[in-house]
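In the working numbering, the protein residues as written are 2 to 670.
All residues carry an ideal CB built from backbone N, CA and C; glycine is no exception.
Computed from a prediction, not measured in an experiment: that's the story for all the values here.
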Ligand code: IVH
């Protein structure tokens, strides 16, 4: 599109469509178009805004895809402190709360009750209808400015609907990661053999504090708003405020209810005691609020908490059941995880059959004996945990369950490294679950992305001795594949085609697919970009590896160990002959200028305005070159904070010019 007017109209129409679909999705739980069609609209908008930057509005839905980087979150003082609530656990305590209110108010009052959402509290500031600040609770007085990250949350309006809002007001709510999203992330992590996230609340809170908002955007956080604060509000009660918030475009959970008396609140509590397990997020109780703002003001505060509201906490759901056995799972890196098999029991809405025991320390802590009755609990975590043993039910003379000494799959004696909680099976060359796990990792979508093969086929191929490792996949032939169970011509062709296609996946994926311990998809990408090809990584010293972005001691050691192993080098030779990509495609860099042409730079330390990779790109875009070590030929040492003293010393000795980030910015203008 070349005409600015046409572009303006199209941007307006795309914005309206995207906002309409967002509203339908988050406020009405409906969708008229697929996720794919939605992404197409958004992509078109982003592309047009890039072409015509002056047409981009501050409330454009394209802000939702993130991209802004926050290095340090600014501390902001809350205009209205973010309070906490008093807790109650019993009916009696609630009646006492009601009696106190009755005595203080002496006139009729109502309550509103809501669920107590288990997420991260947030304060959102709106000025003239636009979201201007999003601040975490912090210590209640001061919090962190996480506006860039919060703008990516689609259920938070960037611009309000209607126009009867005050010019300045704040809303408070809870940011959360729905169970479904949390499970999706963990499933992917499990497939990749990465450590799992503990629970949705911690994930939401960690995500909010990420530096790169485009990663936050991918995490699909959501937000429920539950209070309105400000002067000259157009409402008199909390329930009216909730209605207004909905009209202005906020996402208010439809679960709140008004009550004429405390008995009605108790019914609400009973109703949600189990019904809450069908909600998309964790809840740990109920919040009861006096409805009228005048009444709230009259009741005021105690030293710490408001007198007009209180939380009722449900007891953490726990049940006891029989421990039937403990089994040990072997991961692709040889990691041994003990898992408790339990007599199936209903807990917090789901049937529980298993619980992770994590490692030998946890088993020791619980002091498990055969046939023990154990207590299990679901806290914020999705995976239930065994909290204790019911000693009164322990069978006389029952023997203690001790951690195994040999691998359950290949009988190799297990090892446990100093200061590590986990046991490992060191037999990486012939322990079946390790090899099968490595092959499953190799074919993964984020690795070689090989279509036409799954865990069952891998089992068969390995059990029949057709393949011994992932490199053998490339020697599979059509007749061999036809000998497999449930494998016809079509599936054989599919798999061969999948293997063929995988030969063109980029080097970073190949590097990730090798399954080097601690080299996840991100580290693989950084290594591939930094070293450009596999030989450079194989030949890199431990120190040179440590210089790559995101690589610390642990990763550098693991990479060195991997390439020291002749078996792994043999696998790589096999993969090379198969024709996989072992070189990074050189990114074509669009030059911004030639001010640095002919100059070489070493970058060291931490910088205020740029990530290291960004600095590198900036230098290259201006014609310069970045090298890794200091020599007499070097032109500049670009020094950030906390740079190593040895580098500084070497550069000074050689008389190399040392420049700061500010000087560098001045150099490129
Ligand atoms: S009202 C003075 N409503 O609980 C009233 N809080 O213990 C303050 N929370 O920091 C909050 N759901 O993070 C309120 N429906 C709800 C809530 C809720 C969860 C959290 C919130 C707050 C904490 C207070």
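Distance cut-off 7 Å: residue i Cβ against heavy atoms of the ligand IVH
i: residue 312; result: yes
i: residue 1; result: Since the first residue shown for the chain is 2 and the last is 670, residue 1 is missing from the structure and cannot be characterised.
i: residue 173; result: yes
i: residue 202; result: no
i: residue 83; result: yes
i: residue 307; result: yes
i: residue 504; result: no
i: residue 156; result: no
i: residue 147; result: no
i: residue 222; result: no
i: residue 628; result: no
i: residue 603; result: no
i: residue 209; result: no
i: residue 1; result: Since the displayed the chain opens at 2 and closes at 670, residue 1 lies outside it and no answer follows.
i: residue 117; result: yes
i: residue 122; result: yes
i: residue 26; result: no
i: residue 288; result: yes
i: residue 227; result: yes
i: residue 138; result: yes
i: residue 86; result: yes
Residue environment, residue i, which counts as buried when at least 16 other CB atoms sit within 10 Å
i: residue 352; result: exposed
i: residue 81; result: exposed
i: residue 100; result: exposed
i: residue 552; result: buried
i: residue 182; result: buried
i: residue 410; result: buried
i: residue 339; result: buried
i: residue 628; result: exposed
i: residue 186; result: buried
i: residue 445; result: buried
i: residue 479; result: exposed
i: residue 79; result: buried
i: residue 219; result: exposed
i: residue 49; result: buried
i: residue 283; result: buried
i: residue 667; result: exposed
Beta-carbon separation (whole angstroms), residue i vs residue j, contact threshold 8 Å
i: residue 177; j: residue 120; result: 3 Å
i: residue 472; j: residue 572; result: 5 Å
i: residue 115; j: residue 256; result: 7 Å
i: residue 432; j: residue 580; result: Actually they do not touch by this definition, with Cβ atoms about 29 Å apart.
i: residue 639; j: residue 600; result: Not a contact, Cβ separation roughly 11 Å.
Sequence-distant residues of the same chain with beta carbon closer than 7 Å to residue i, five excluded per side
i: residue 98; result: 89 and 311
i: residue 270; result: 287 and 313
i: residue 19; result: 42, 43, 46 and 62
i: residue 413; result: 407, 426, 427, 428 and 432
i: residue 303; result: none
i: residue 486; result: 461
i: residue 608; result: 616, 641 and 662
i: residue 240; result: 113, 259 and 292
i: residue 614; result: 550
DSSP bridge partner residues for residue i (one or two, in chain order)
i: residue 118; result: 284
i: residue 224; result: 176
i: residue 131; result: 128 and 160
i: residue 302; result: 307
i: residue 145; result: 76
i: residue 629; result: Per DSSP, none; premise fails for residue 629.
i: residue 356; result: 341
i: residue 213; result: 70
i: residue 667; result: Residue 667 pairs with nothing; no bridge assigned.
i: residue 640; result: 605
i: residue 244; result: According to DSSP, which records beta bridges pairwise, residue 244 is partnered with nothing at all.
Cutoff 6 Å; reference residue i; Cβ partners in own chain excluding five residues on either side
i: residue 447; result: 522
i: residue 360; result: 422 and 423
i: residue 266; result: 112, 114, 260 and 289
i: residue 655; result: 633
i: residue 401; result: 370
i: residue 316; result: none
Beta-carbon contacts of residue i that lie in its chain and below 8 Å, excluding the five residues immediately before and after
i: residue 554; result: 547
i: residue 678; result: The chain is shown only over 2 to 670; residue 678 falls outside these bounds and no answer can be derived.
i: residue 399; result: 370, 371, 372 and 373
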